[in-house]
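Colleague:
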Amino acid sequence: MITGLPEKLRRRWDVLLPCLLFAYREVPQKGVGVSPFELLFGHPVRGPLTLVKEGWEQPLKAPKQNIVDYVLGLRSRMAEYMKKASKNLQASQELQKQWHDQKAVLIQYQQGQKVWVLEPVAPRALQDKWSGPHLIVEKKGEVTYLVDLGTARSPLRVIHVNRLKPYYDRADLMATDEGQEEESDPLPDLFSSTEEDALVEGVVLADCLTAEQKDKCINLLGQFSELFSTVPGTTSWCEHTIDTGDSLPVKSKIYRQPDHVRDCIKQEVQKMLDLGVVEPSESPWASPVVLVPKPHSKAGKREMRFCVDYRGLNQVTKTDAHPIPRADELIDTLASAKYLSTFDFTAGYWQIKLAEDAKPKTAFSTIERHYQFTVMPFGLKNAPATFQRLVNTVLQGLEAFSAAYLDDIAVFSPTWDEHLGHLWKVLEALQKAGLTIKASKCQIG
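Counting along the sequence shown from 1, when you hit position 253 you're at 252 in numbering that gives the first Met the number 0, and nothing is skipped either side.
#1: With C-beta atoms as the reference, is N313 less than 9 Å away from L405?
#2: Could you tell me the distance, in whole angstroms, from the CA atom of G221 to the CA atom of D356?
#3: Since K164 sits in a beta bridge, which residues does DSSP pair it with?
#4: Please tell me whether T345 and A409 are closer than 9 Å, where the distance is taken between their beta carbons.
#5: What are the complete alpha helix (DSSP H) segments, minimum 4 residues, inside the segment 29-66?
#6: Compute the distance between the beta-carbons of E281 and K352, then report whether it is under 9 Å.
#7: With H418 as the anchor, note down where its alpha helix (DSSP H) starts and where it stops.
#8: Less than 8 Å between the CB atoms is what I'm expecting for V277 and Y370, so what's the real figure, rounded?
#9: In whole angstroms, what is the alpha-carbon distance linking V291 and Q28?
#10: With a threshold of 8 Å, are at least 3 pairs of Cβ atoms found where one atom belongs to the segment 62-82 and the other to the segment 33-44?
#11: Give the list of continuous alpha helix (DSSP H) stretches no shorter than 4 residues that lie fully inside the segment 239-326.
#12: What residues in its chain sit with their C-beta under 7 Å from that of E25, if we drop five residues either side in the sequence?
#13: Could you tell me if N65 is buried or exposed, where buried requires 16 or more neighbouring beta carbons within 10 angstroms of its beta carbon?
#14: Taking 9 Å as the cut-off, decide whether the C-beta atoms of M271 and F305 are in contact.
#15: Buried or exposed for I106, going by 16 or more other Cβ atoms inside 10 Å?
#16: In three-state DSSP terms, what is F400?
#17: State the Cα-Cα distance for the pair Y338 and G311, rounded to the nearest angstrom.
#18: By the DSSP assignment, the alpha helix (DSSP H) with V374 in it spans what residues?
#19: Expressed to the nearest angstrom, what Euclidean distance is found between the alpha-carbon atoms of T240 and L394?
#20: Comparing C-alpha positions only, which one of W55, R9 and I1 sits nearest to Y23?
#21: Would you kindly check if the distance between the Cβ of V136 and the Cβ of L155 is under 9 Å?
#22: Can you tell me whether H321 is buried or exposed, with buried defined as 16 or more other CB within 10 angstroms of its CB?
#23: Among N381, W284, I217 and E267, which one has its Cα closest to the Cα of S246?
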């Protein structure tokens, strides 16, 4: 309650403490249903507002009462208040426990584990800050631990678990990013592609199609065989710009990385150099590299994806307000279709070139060298908007039977003959734009 005082009154908290306590004791408490003053004196206390009200109303003088009647009435009121308070307190505690148990998680620490400790800030005892790392010496109770604070005055202190949180070494946190499996950006899975991804035969044909329909599909897809490739295409229909205004270059330090992570980063960078996706750079901009675990790694093998942490760059980048479609509305659009086909781009973001003045801003550093992207990388603030704008432009005029959400395109039709015609128009539009798609992630039917 003291911390809720206005800033200009906090230095006088000791003078205001009696007023604060009186106000607290005068108000009925939610847990017990009565005020602390009523529990103590057996009757409501006349506070400043009550006196003002009585002065306005000019109440009659209270009738005289003998001492015996007063004491008996007081004892009766005290018993009534205590009974009411006990009943309300029990109900309140049960409700609070019910709400607390819904989200409560038992947190346990091991002896020797590093933790952060929430401590008051000296000399301001009303403010807290996290300090550490400190070592857990011993578990004293179910929710208390003996912690070595490393101070001369009180090196060891028993601290409640709510004032502790685990400490992680930088090497464990910064080299990899244990992100959620659902990804907001379509991160590239380019280097694990198979030969089938470059062949029309790799397209998945729905089991519900007849043999004749499948033959017609293969013949149609064969006319656009150049579309299917493991190498991302290059479109001239748009380029990605990064507007940072008058901001100075953002330079972030390289994250600490174990040896096996360095080797993985080196291999990924070399593959991107071979594809022409990145090039050596002398840019004053620099963003750190992180590795993100793939959500569907092979059994017994933890596969990683190369990413750049562009949070610093994104903070100074002006927002592109191009709208992204709502997924639920797209589902409603496709719900009535009898035939539905989907297409997925080959590392879609990499098929869009960067503007010349944007390339230096995408620079990233490894232990060995400094590089910059030549195509739109994953993780940029406005990358989804740029890609959605490109796809909308490519499919312009075809909205009656096609829809797109970032790098996923859906073609829908009420009849099979119409569906073949719609597929041909969409594939032709993609081919004119110089884009490529991944066969194994495409499905017809």
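Yeah, the Cβ is synthetic: ideal placement off N, Cα and C, and Gly gets one too.
Every value quoted in this text rests on a predicted model; they were computed, and no experiment measured them.
Modeller: With the structure as the only source:
#1: no
#2: 39 Å
#3: W115
#4: no
#5: 35-40 and 47-56
#6: no
#7: W415 to K431
#8: 5 Å
#9: 50 Å
#10: yes
#11: 258-274 and 310-314
#12: S34, F36, V44 and G46
#13: exposed
#14: yes
#15: exposed
#16: coil
#17: 45 Å
#18: Segment: none, V374 is in no alpha helix (DSSP H) and carries neither H nor E.
#19: 22 Å
#20: I1
#21: yes
#22: exposed
#23: W284
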